[in-house]
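Asks: Got a structure for you, written out below as structure tokens; questions coming shortly.
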Amino acid sequence: MDARSEHVAGHLLAWYDRHARTLPWRAPPGSPAPDPYRVWLSEVMLQQTTVAAVKDYFAKFTTRWPTVADLAAAEDAEVMAAWAGLGYYARARNLLACARAVAESGGSFPDSEDELRKLPGLGVYTAAAVAAIAFGRRAVVVDANVERVVARLFAIDAPLPGGRTEIRAATDRITPDARAGDFAQAMMDLGATVCTTRNPRCLLCPLSGDCTGYRAGEPERFPVKAPKAAKPHRQGRAFWIVRNEKVWLVQRPGKGMLGGMRALPDDGWSARGDGSGEGPIAGPWTPGGAVQHGFTHFTLDLHLALYSGSEVVSLPPDAGEWWSLDRLEEAGLPTLFAKAARLGLAAMGETDR
DNA sequence: TACTCGTGGGA
DNA sequence: TTCCCAAGAGT
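Whatever position you read off the first sequence (first residue = 1), add 362 for this note's numbering.
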């Protein structure tokens with residue numbers, strides 16, 4: 363490692379010793395590594411997700427499933443419902459697949475980056491992070507925080523995503539052999555609290571003396587990103603069908619949007635187009651209001667249709683389930699459908715009681 | 001490579 | 001309000 367890199371790593375670790383955030387899944391700086399199960403679980407939850415959003419879910423999962431063996435033994439539906447609201451549901455499916463793979467191969471996580479990378483849900487970032495944080499292995503850990511810190515530190519102009527190659531090489535250069543986990547977490551803490559996307563606190567930064575972006579007077583210009591496409595706006599319909607104080611819920615297909623989650627029946631809306639308007643039965647329907655929901659790549663107006671027929675509805679049992687209205691919170695509906703269900707309950711309050 | 005895949009918070 | 005973004009992975 364060259365002198366500048368050693369200097370950077372030393373300053374950063376000294377800063378981390380004083381300013382590390384205290385987080386439920388983290389060991390204090392310099393102390394023994396935490397349980398790999400907890401490190402892995404937190405890293406998966408934190409993928410594209412803020413610390414604030416993860417905290418309650420992490421507590422819930424570790425209380426309910428204290429070890430990877432406990433999680434591996436859980437029912438799919440239980441885990442999916444527990445994940446409801448956190449988003450990116452493929453993570454929950456892969457979480458279970460990973461827990462079961464680990465449980466079947468002896469119950470311990472592999473301690474090398476290469477082996478970790480083979481597990482479902484562990485990509486380049488997460489495998490490196492777990493290797494470093496849980497096992498003290500030197501690994502090049504690059505998340506969005508590190509990208510920002512490094513792009514500013516070296517004033518890397520190449521726009522993302524292409525510029526990631528250069529950023530990774532630069533990160534490799536400043537990554538020390540010792541205290542691998544602390545270094546990775548220090549970079550992420552710095553990015554989260556000092557080297558922030560907007561209004562970076564350069565006067566408080568331990569690396570400002572080494573930072574080319576700061577010296578040039580425009581740290582916020584980095585990292586350069588390619589412009590994004592506009593989000594389309596879609597229309598869809600969900601159906602609120604009640605019988606004997608129970609509502610009809612379906613399970614969505616295992617892949618794709620909200621895959622594997624319990625949901626209200628809908629008309630097949632997607633990122634690519636509006637729904638057909640057709641429901642699982644003929645109706646008649648009464649308008650029950652609409653909710654707007656923003657996904658990563660499109661915005662959806664979901665209109666709720668209330669069944670208003672006088673006949674008692676019959677539906678094929680293998681297509682869904684009648685779910686008690688007073689236990690609706692336990693169904694684990696993703697946020698979009700939880701919003702729609704609130705409309706349905708409100709509409710019933712106006713008419714029934 | 002470029003898409004797809006959630007959600008809530010901040011500016 | 002609207003846009004951007006956050007400890008990315010899978011295909």
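Glycine residues also receive a C-beta, built at the ideal position from the N, C-alpha and C atoms.
Note that the coordinates shown come from a computational prediction; the quantities given were computed from them, not determined experimentally.
The alpha helix (DSSP H) that contains Ser404, what's its start and end?
Replies: Residue numbering aside, residue 404 sits at position 42 when the first sequence is read from its first letter. Looking at the DSSP string, the run of the alpha helix (DSSP H) that includes Ser404 is Pro398 to Met407.
Asks: Could you pull the start and end residues of the alpha helix (DSSP H) that His373 belongs to?
Replies: Within the first sequence, numbered from 1, the residue matching residue 373 stands at position 11. Note, His373: alpha helix (DSSP H), Ala365 to His381.
Asks: Considering only their Cβ atoms, is the gap separating Leu481 from Ala463 smaller than 7 Å?
Replies: As a first step, residue 463 must be located in the first sequence, where it is residue number 101. As a first step, residue 481 must be located in the first sequence, where it is residue number 119. Yes, these two residues count as a Cβ contact at 7 Å.
Asks: Out of Asn606, Pro696, Ala702 and Gly706, which one is the CA nearest neighbour of Gly447?
Replies: Along the first sequence, read from residue 1 onward, the residue named residue 447 stands at position 85. Nearest option by C-alpha distance: Pro696.
Asks: Identify the continuous beta strand (DSSP E) that holds Ala600 and give its terminal residues.
Replies: Residue 600 sits at position 238 when you count from the first residue of the first sequence. That run of the beta strand (DSSP E) goes His595 to Trp602.
Asks: Reducing DSSP to helix, strand and coil, say where Asp476 ends up.
Replies: Numbered from 1 along the first sequence, position 114 holds the residue referred to as residue 476. Helix.
Asks: Within the same chain, show all residues whose beta-carbon is closer than 6 Å to that of Pro391, passing over the 5 residues directly before and after it, in chain order.
Replies: The count along the first sequence starts at 1 and reaches residue 391 at position 29. Cβ neighbours of Pro391 beyond the five flanking positions: Tyr378, Asp379, Ala382 and Asp544.
Asks: How about Ile529 and Val370: are their beta carbons less than 7 Å apart?
Replies: Counted from its first residue, the first sequence places residue 529 at position 167. Counted from its first residue, the first sequence places residue 370 at position 8. No, they are not a contact pair.
Asks: When the Cα atoms are used, what is the spatial distance from Ala452 to Ala443?
Replies: Start at 1 with the first residue of the first sequence, and residue 452 comes out as number 90. Start at 1 with the first residue of the first sequence, and residue 443 comes out as number 81. Taking the straight line joining both Cα atoms gives about 13 Å.
Asks: For the beta strand (DSSP E) that Glu582 lies in, which residues bound it at each end?
Replies: Working through the first sequence from its first residue, we reach residue 582 at position 220. Glu582 -> no beta strand (DSSP E), and no H or E assigned at all.
Asks: So the candidates are Asp539, Cys573 and Ala439; which of them puts its Cα closest to the Cα of Gly694?
Replies: Residue 694 sits at position 332 when you count from the first residue of the first sequence. Comparing Cα positions, the closest option is Ala439.
Asks: Inspect the beta-carbon positions of Val303 and Asp534 and report whether they are closer than 7 Å.
Replies: Lying before the first or after the last residue shown, residue 303 is absent from the chain, which here runs from 363 to 715.
Asks: Can you name, in chain order, every residue of its own chain whose Cβ lies under 6 Å from the Cβ of Cys522, other than the five neighbours on each side?
Replies: Here residue 522 is taken as the residue at index 160 of the first sequence, counted from 1. Cys is not the amino acid found at residue 522; the sequence shown has Leu there. Excluding positions up to five away in sequence, the list reads Pro585 and Lys587.
Asks: For the structure I just gave you, are there three or more beta carbon pairs, one from the segment 485-505 and one from the segment 387-407, closer than 8 Å?
Replies: With a cut-off of 8 Å, the segment 387-407 and the segment 485-505 count as touching, because enough Cβ pairs lie within range.
Asks: Would Ala554 and Asn606 qualify as a contact pair, given that the criterion is a beta-carbon distance under 7 Å?
Replies: Your numbering for residue 554 matches position 192 in the first sequence. Your numbering for residue 606 matches position 244 in the first sequence. Taking 7 Å as the Cβ cut-off, Ala554 and Asn606 do not qualify as a contacting pair.
Asks: Would you mind sorting Ala708 into buried or exposed? The rule is 16 or more other CB atoms within 10 Å of its CB.
Replies: Translated into the one-based positions of the first sequence, residue 708 becomes position 346. Exposed: under 16 other Cβ atoms inside 10 Å.
Asks: Does the count of Cβ pairs from the segment 593-612 and the segment 668-688 closer than 8 Å reach three?
Replies: At 8 Å Cβ cutoff, the stretches touch.
Asks: Along the chain, where does the beta strand (DSSP E) containing Leu458 start, and where does it finish?
Replies: Residue 458 sits at position 96 when you count from the first residue of the first sequence. Taken as a continuous stretch (DSSP letters only), Leu458 belongs to no beta strand (DSSP E), being part of the alpha helix (DSSP H) at Ala452 to Glu466.
Asks: Using only alpha-carbon positions, find the residue among Gly656, Gly639 and Gln654 that is nearest to Thr648.
Replies: The residue given as residue 648 occupies position 286 in the first sequence. Of Gly656, Gly639 and Gln654, the residue nearest in Cα terms is Gly639.
Asks: Buried or exposed: which applies to Ser467, given that a residue is buried once 16 or more other Cβ atoms fall within 10 Å of its Cβ?
Replies: One-based indexing of the first sequence puts residue 467 at position 105. It counts as exposed.
Asks: Within 10 angstroms of its Cβ, does His665 collect 16 or more other Cβ (buried), or is it exposed?
Replies: As a working note, residue 665 is residue 303 in the first sequence. That one is buried.
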